[in-house]
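For the protein sequence lines, the chains are A and B, in the order given.
According to my numbering, the stretch in the first sequence is residues 1 to 153, in order.
According to my numbering, the stretch in the second sequence is residues 154 to 306, in order.
Have a look at the structure below before the remarks.
There are 2 protein chains.
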Amino acid sequence: MTERELRVSKIQDGTVIDHIPGGQALNVLAILGVGRATDDTLSIGMNVPSDLMGKKDIVKIEGRELSQEEVDVLSLIAPDATINIVRDFEVVEKHRVERPEQVVGILSCPNHSCITTGNEPVESRFEVLAEGVRCHYCETIVREDITDLIGVE
Amino acid sequence: MTERELRVSKIQDGTVIDHIPGGQALNVLAILGVGRATDDTLSIGMNVPSDLMGKKDIVKIEGRELSQEEVDVLSLIAPDATINIVRDFEVVEKHRVERPEQVVGILSCPNHSCITTGNEPVESRFEVLAEGVRCHYCETIVREDITDLIGVE
């Protein structure tokens with residue numbers, strides 16, 4: 001592919017998250033804590049043509065290498081994502097996302113009576129099921145619309 | 154600048170919104186109605202280096218030419234933005250944003266007692282002041298944090 005076809009150009013140092021399902025890039029940003037007032041330098045492609053996926057999203061964050069924990073959480077919305085760690089324009093590490101056993105923080109329980117949604121200093125915690133997630137505290141299960149649980153700054 | 158330095162590549166047809174204040178791209182998307190489930194093809198650069206602005210954001214939407222009304226609303230958060238309409242890789246029109254007299258829809262009144270925030274079928278309407286906006290119905294004035302009034306899907 002030429003640079004023109006790539007739509008989003010190469011970065012010098014940072015992380016490239018590729019093969020995100022089309023339209024999910026804003027949810028990926030939310031998971032990574034990139035809110036409306038971010039200082040991070042990012043390039044984002046949304047709904048760009050992909051041979052493999054039809055349409056895909058791609059997110060490039062400069063100067064930041066994602067931890068395995070952050071990568072694992074991405075699996076909930078982007079199970080086929082590939083993570084490329086880039087240094088000096090070269091890909092030095094390539095990861096596939098892996099489904100974690102649980103997710104701490106990041107997601108908010110939809111149950112307003114849950115201890116994690118009140119004023120108590122209790123961080124949210126979800127067990128990851130084959131399909132969906134279950135709140136560790138109130139056992140509410142969310143199978144679809146997991147993206148609704150992602151807080152946006 | 155080379156393609157590499159551009160970070161976000163050229164598009165064939167659509168609109169390029171350039172010189173957005175750094176970090177405001179997600180608010181620009183909200184104004185344009187681009188939510189988490191968008192079908193639009195977009196390229197977004199956030200906090201990329203700019204000679205003029207230090208850091209800037211840039212948003213490219215393919216296959217869509219923004220109306221003057223949409224452009225005007227952008228002035229509230231990106232007063233120095235430039236709008237380039239692109240056809241077949243060439244810029245065919247260039248607009249500066251202009252501050253509109255009022256904004257209908259798009260922003261939500263922060264006053265929970267306002268008629269526009271209840272169940273009545275009344276669209277929000279704000280007069281644009283020299284600094285900030287004033288609700289046409291309840292006269293609530295918001296000077297800062299206008300971006301908090303932008304609903305995200």
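Each residue gets a CB set at the ideal place from its N, CA and C atoms; glycine is no exception.
On a predicted model such as this, the values are computed, not experimentally measured, just so you know.
For this session: Flag this pair as yes or no: are the beta carbons of H19 (chain A) and M46 (chain A) separated by less than 8 Å?
Result: Numbered from its first residue, the first sequence carries residue 19 (chain A) at position 19. Numbered from its first residue, the first sequence carries residue 46 (chain A) at position 46. No, these two residues do not count as a Cβ contact at 8 Å.
Problem set entry | Separation of E246 (chain B) from I238 (chain B), as counted between CA atoms | As a first step, residue 238 (chain B) must be located in the second sequence, where it is residue number 85. As a first step, residue 246 (chain B) must be located in the second sequence, where it is residue number 93. Looking at the two C-alpha atoms, the distance is approximately 5 Å.
Exercise. Between A25 (chain A) and I44 (chain A), is the Cβ-Cβ spacing less than 8 Å?
Worked result: Your numbering for residue 25 (chain A) matches position 25 in the first sequence. Your numbering for residue 44 (chain A) matches position 44 in the first sequence. Result yes, Cβ atoms of A25 (chain A) and I44 (chain A) sit closer than 8 Å.
Exercise. What residues from the stretch 44-59 of chain A come within 7 Å of chain B, judged by C-beta to C-beta, listed N to C?
Worked result: I44, G45, M46, N47 and V48
Exercise. In chain B, which residues lie less than 8 Å from R36 (chain A) when you measure between Cβ atoms?
Worked result: Counting from 1 along the first sequence, the entry for residue 36 (chain A) is found at position 36. Per Cβ cutoff of 8 Å: G176, Q177, L179, N180 and T300.
For this session: Kindly indicate if chain A contains any beta-carbon less than 8 Å away from that of T194 (chain B).
Result: Numbered from 1 along the second sequence, position 41 holds the residue referred to as residue 194 (chain B). Chain A, which has a Cβ nearer than 8 Å to the Cβ of T194 (chain B), makes this yes.
Exercise. Rounded to whole angstroms, how far is the Cβ of I230 (chain B) from the Cβ of I299 (chain B), which I believe are closer than 8 Å?
Worked result: Counting from one through the second sequence, the residue named residue 230 (chain B) turns up at place 77. Counting from one through the second sequence, the residue named residue 299 (chain B) turns up at place 146. Yes, they are in contact, since the Cβ atoms of I230 (chain B) and I299 (chain B) sit about 7 Å apart, within 8 Å.
Exercise. Where does the unbroken beta strand (DSSP E) through I31 (chain A) begin, and where does it stop?
Worked result: Looking up residue 31 (chain A) in the first sequence gives position 31. Unbroken run through I31 (chain A) is the alpha helix (DSSP H), A25 to I31; no beta strand (DSSP E).
Problem set entry | Reduced DSSP secondary structure (H/G/I, E/B, other) of I106 (chain A) | Reading the first sequence from its first residue, position 106 is the one you call residue 106 (chain A). Three-state DSSP puts I106 (chain A) in coil, outside helix and strand.
For this session: In the DSSP assignment, find the beta strand (DSSP E) that holds L149 (chain A) and state where it starts and stops.
Result: Locating residue 149 (chain A) in the first sequence gives position 149, counting from the first residue. Segment: none, L149 (chain A) is in no beta strand (DSSP E) and carries neither H nor E.
Exercise. At a cut of 8 Å, does the stretch 209-219 of chain B reach the stretch 130-140 of chain A through at least three beta carbon pairs?
Worked result: They do not touch, by the three-pair rule.
Exercise. Would you say G176 (chain B) and T38 (chain A) are within 8 Å of each other, going by their C-beta atoms?
Worked result: The count along the second sequence starts at 1 and reaches residue 176 (chain B) at position 23. The count along the first sequence starts at 1 and reaches residue 38 (chain A) at position 38. Their beta carbons are under 8 Å apart, which means G176 (chain B) touches T38 (chain A) by this criterion.
Exercise. How would you write the range of the alpha helix (DSSP H) that V73 (chain A) sits in, first residue to last?
Worked result: Sequence index remark: in the first sequence, residue 73 (chain A) carries index 73 (1-based). Its alpha helix (DSSP H) spans residues Q68 to L74.
For this session: Using only alpha-carbon positions, find the residue among B:P232, B:V244, B:F242 and B:R240 that is nearest to V281 (chain B).
Result: If you number the second sequence from 1, residue 281 (chain B) lands on position 128. Per the Cα distances, B:P232.
Problem set entry | Beta-ladder partner(s) of T15 (chain A), from DSSP | Position 15 of the first sequence, counting from 1, holds the residue named residue 15 (chain A). According to DSSP, T15 (chain A) bridges with A:I61 and A:I85.
Exercise. How big is the Cα-Cα spacing for E67 (chain A) and L74 (chain A)?
Worked result: Counting from 1 along the first sequence, the entry for residue 67 (chain A) is found at position 67. Counting from 1 along the first sequence, the entry for residue 74 (chain A) is found at position 74. In the sequence on display, residue 67 (chain A) carries Ser and not Glu. Answer to the nearest angstrom: the Cα atoms are 11 Å apart.
Problem set entry | First through last residue of the beta strand (DSSP E) which encompasses E280 (chain B) | Within the second sequence, the letter at position 127 stands for residue 280 (chain B). Counting along the chain, the beta strand (DSSP E) containing E280 (chain B) begins and ends at R278 to V281.
Problem set entry | Proximity of I17 (chain A) and V34 (chain A) at Cβ, strictly below 8 Å | Here residue 17 (chain A) corresponds to residue number 17 of the first sequence, with the count starting at 1. Here residue 34 (chain A) corresponds to residue number 34 of the first sequence, with the count starting at 1. No, Cβ-Cβ distance for I17 (chain A) and V34 (chain A) is not below 8 Å.
For this session: Report buried or exposed for E62 (chain A), applying the criterion of at least 16 other Cβ atoms within 10 angstroms of its Cβ.
Result: Numbered from 1 along the first sequence, position 62 holds the residue referred to as residue 62 (chain A). It is buried - the Cβ of E62 (chain A) has at least 16 other Cβ atoms within 10 Å.
Exercise. Relative to the C-alpha of R64 (chain A), which residue among A:S50, A:P21, A:D13 and A:S108 is closest?
Worked result: One-based indexing of the first sequence puts residue 64 (chain A) at position 64. For R64 (chain A), the nearest C-alpha among the options comes from A:D13.
Exercise. Given E251 (chain B), which residues of its chain have a CB within under 7 Å of its CB, disregarding the five upstream and five downstream residues?
Worked result: In the second sequence, counting from the first residue as 1, residue 251 (chain B) sits at position 98. Once the five neighbours on either side are set aside, the close Cβ partners of E251 (chain B) are D225 and S228.
Exercise. Can you tell me whether DSSP reads I268 (chain B) as helix, strand or coil?
Worked result: As a first step, residue 268 (chain B) is located in the second sequence; it is residue number 115 there, counting from the start. In this structure, I268 (chain B) counts as helix in the three-state DSSP scheme.
Exercise. R189 (chain B) lies in the beta strand (DSSP E); which residues open and close that run?
Worked result: Locating residue 189 (chain B) in the second sequence gives position 36, where the first residue counts as 1. For R189 (chain B), there is no enclosing beta strand (DSSP E), as DSSP marks it with neither H nor E.
For this session: Have a look at the DSSP bridge pairing and note the partners of K56 (chain A).
Result: Within the first sequence, the letter at position 56 stands for residue 56 (chain A). Beta-bridge partners assigned by DSSP to K56 (chain A): A:P21 and A:V48.
For this session: Please confirm whether E70 (chain A) and L32 (chain A) have their CB atoms less than 8 Å apart.
Result: Here residue 70 (chain A) is taken as the residue at index 70 of the first sequence, counted from 1. Here residue 32 (chain A) is taken as the residue at index 32 of the first sequence, counted from 1. Going by C-beta atoms, E70 (chain A) is nearer than 8 Å to L32 (chain A).
Exercise. Counting along the chain, where does the beta strand (DSSP E) carrying R134 (chain A) start and finish?
Worked result: If you number the first sequence from 1, residue 134 (chain A) lands on position 134. V133 to C135 is the span of the beta strand (DSSP E), which, as asked, contains R134 (chain A).
Exercise. Where does S113 (chain A) land, buried or exposed, given buried means 16+ other C-beta within 10 angstroms?
Worked result: Here residue 113 (chain A) refers to the residue found at position 113 when the first sequence is read from its first residue. Exposed, because fewer than 16 other Cβ atoms sit within 10 Å of the Cβ of S113 (chain A).
Exercise. For G258 (chain B), which of B:P274, B:H248, B:K163 and B:D204 has the nearest alpha-carbon?
Worked result: For the purposes of this step, residue 258 (chain B) is taken as residue 105 along the second sequence, with counting starting at 1. Distance check between G258 (chain B) and each of B:P274, B:H248, B:K163 and B:D204 places B:P274 closest, using alpha-carbon atoms only.
Exercise. Roughly how many angstroms lie between the CA atoms of V126 (chain A) and I303 (chain B), to the nearest whole one?
Worked result: Locating residue 126 (chain A) in the first sequence gives position 126, counting from the first residue. Locating residue 303 (chain B) in the second sequence gives position 150, counting from the first residue. Rather than Val, the amino acid found at residue 126 (chain A) in this sequence is Phe. Going by the C-alpha atoms only, they are around 30 Å apart.
For this session: Put K247 (chain B) into one of helix, strand or coil per three-state DSSP.
Result: Counted from its first residue, the second sequence places residue 247 (chain B) at position 94. DSSP places K247 (chain B) in strand when its eight states are reduced to three.
Exercise. Measuring CA to CA, which of A:V48, A:K10 and A:L107 is closest to E123 (chain A)?
Worked result: What you label residue 123 (chain A) is simply residue 123 of the first sequence in a count that begins at 1. Out of A:V48, A:K10 and A:L107, A:L107 has the C-alpha closest to the C-alpha of E123 (chain A).
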